[in-house]
Every structure is written in C-alpha cells, then in structure tokens.
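Counting along the sequence shown from 1, when you hit position 12 you're at 19 in the working numbering, and nothing is skipped either side.
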Amino acid sequence: MDSSIVLFGPPGAGKGTQAGRIVQATGKPQVSTGDMLRAAVDEGTELGRTAKGYMEAGELVPDEVIIGLIEERIKLPDASGGLLFDGFPRTVPQAEALQNIAPVSMVIAIHVDDESIVERICGRFTCASCGEVYHDLFRPCKVEGVCDSCGGSEFKRRADDSEETVRTRLTAYHNQTSPLEAWYENQGLLRRIDGNHTIDQVGEAISNLLI
Ligand code: AP5
Ligand code: MG
Ligand code: ZN
C-alpha cells in the first residue's frame, strides 16, 4: 500500500471542505470516519447502533470500533494507492494501530480558534445528494436552495451541530485528540496550517504542501 495522508484538526476546522482539493491533487480517496459512522447510523446497522449515542453526545466512539472500521476499509482495492484520512486517527491508540497497517507520509493539521469553530459548526449544512459542504454566511450556495456541484435542492444539518454538543466535541478534541500532534511532530510528519483564513486561502496553503 502506498503512503496515506492524514487531515487533522478540531471539529469544524475545514477538514471536509478541504478534502476534495487534496483528493484531486493526489488521487487518494477520502476516508472520513465521521461520514462512515453517519452512514451506518442512517442504515441502522450494528455499527450505527453502537456509534449513535456517542456521536449525539459529541464524544468519541471507542477505539476498537474505529480501528476495526479502518482495517476493513484498507482492504478495498482503491486503498492500494494510499488514502486521505479525514477525522482519523483521533487518539494515540488509533494512530498506533494505523502505523501497524498503513504508512503515513504527511499529517496536515488545520488550526482554528474555538470561537470561530462554534460559528462555523452552527452555520453548516450539506447537500443531501452529493455531500457538498456549505455555510449560511461563509459558503452559501451561489443560487439559494440549489447545490453548486450537483444541482440538488435538498440539504441537511447534522444532529451533533448544536452549540452545546460542539462544546463537548471541542473538549474531546483538546483532551483526547490534540496530544496526537506532538506524537506526529516527533515523527517529523506534522505540517501546521493556519485555518483562520478564507476557504480559498487555506486551500492554497494546503496545495503548497502537496507540490
Ligand atoms: P466528524 O464527522 O469527523 O466531525 P468533526 O471532526 O467534529 O469535524 P467536522 O466534520 O464537524 O468538521 P470539518 O473539519 O470536516 O469541517 P467542515 O469542512 O465541515 O466526527 C463526528 C463524530 O463521529 C465525532 O464527534 C465522534 O463521535 C465520531 N468519530 C468520527 N471519527 C472518529 C474517530 N476517529 N474516533 C472516534 N470517534 C470518531 O467545515 C465546517 C463549516 O465551516 C462548514 O459550514 C464550512 O462551510 C465552514 N468552513 C470551512 N472552512 C472555512 C473557512 N476557512 N472559513 C469559513 N468557513 C469555513
Ligand atoms: Mg467533516
Ligand atoms: Zn450536491
């Protein structure tokens, strides 16, 4: 398996927003554990039933569940050229498990301050058909009510995108996930990006890392 890239950062940092451009530049498919878990919740699978309560509360799903999910994902044929992980790993045990199964060449950490995060999360909505990510103020549809990328007209908001749950997710990030930055820095893999700029400016900074 070729090396993978990790997109790292707090909730609402812009991981999903920036993933598309990295997929285009590298050809590595995006693997968002959050998207996989939400699909499982919608389908009502055993995984979804396990994950639902944690996600609604804004807490992390247990490591063994996530690691099992990734172990299955990297067996698929499109993983051979490496993957773009979005929102994984989120704990040191998850990073250790990944190290044993797939090489990582770069960890892109997007930094955004907590108050901006609350603002970003509370205004987020996505296209129900293609998943394109929007924001009421920062990234509205060009034509109101019509998805820029697929022309769809149905949109959804995430159940965990309330201000109260975002605060719990931020606490989980600071306590359980942010220690991973030092872990990856020690390995010389960490690249920090200032995410407190426009979507295009952050995208440019990320593109420069990929040249
Ligand atoms: P997950 O789906 O991964 O959520 P998250 O990490 O909280 O991150 P988000 O998806 O909320 O934010 P994002 O960084 O993708 O931002 P986006 O681009 O959408 O996880 C959800 C839950 O699943 C977790 O809480 C946990 O329970 C569970 N889970 C998932 N993975 C797990 C794991 N590995 N281990 C354990 N549990 C796990 O942008 C946000 C908004 O901001 C959008 O509206 C966007 O338009 C806007 N925006 C983006 N960039 C900018 C910018 N530069 N300027 C202005 N606005 C911007
Ligand atoms: Mg996301
Ligand atoms: Zn769409």
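From the three backbone atoms N, C-alpha and C, an ideal C-beta is built for every residue, glycine too. Since we're looking at a predicted model, the values are computed, not measured.
Cβ shell of residue i (< 6 Å), same chain only, five flanking positions each side left out
i      : result
Val173 : Val125, Ile128
Ala109 : Met8, Ser11, Ile81
Lys137 : As written in the sequence, residue 137 is Cys, which differs from the Lys given in the question. Excluding residues within five positions, the ones whose Cβ falls inside 6 Å are Ser156, Cys157.
Ile117 : Gly16, Ala20, Gly21, Ile200, Gly202
Phe95  : Thr40
Ala32  : Leu217
Val140 : Gly23, Thr24, Thr133
Residue i classed as buried or exposed, judged by whether at least 16 other C-beta atoms fall within 10 angstroms
i      : result
Lys22  : buried
Ser87  : exposed
Gly41  : buried
Glu71  : exposed
Gln101 : buried
Asp167 : buried
Asp85  : exposed
Val119 : buried
Asp93  : buried
Same chain, Cβ closer than 8 Å to residue i, five either side skipped, listed in chain order
i      : result
Thr175 : Ala64, Gly65, Glu66
Val99  : Pro186, Leu187, Trp190
Gly210 : Gln25, Arg28
Arg45  : Met62, Arg165
Leu216 : Met113, Ile115, Arg198, Ile200
Gly130 : His142, Asp143, Leu144, Phe145
Val30  : Pro36, Gln37, Leu91
8 Å contact criterion, which residue i and residue j should meet: CB distance rounded
i     : j      : result
Leu90 : Val38  : 5 Å
Val13 : Val111 : 6 Å
Close-in-space but distant-in-sequence residues of the same chain around residue i (CB under 7 Å, 5 per side omitted)
i      : result
Leu177 : Pro17, Pro18, Asp121, Ile124
Ile74  : Gln101, Ala104
Thr57  : Val72
Lys163 : Phe132, Thr133, Ala135
Identity of the residues DSSP links to residue i by a beta bridge
i      : result
Leu91  : Ile12, Gln37
His118 : Asp201
Tyr257 : Since the first residue of the chain shown is 8 and the last is 218, residue 257 is not available in this structure.
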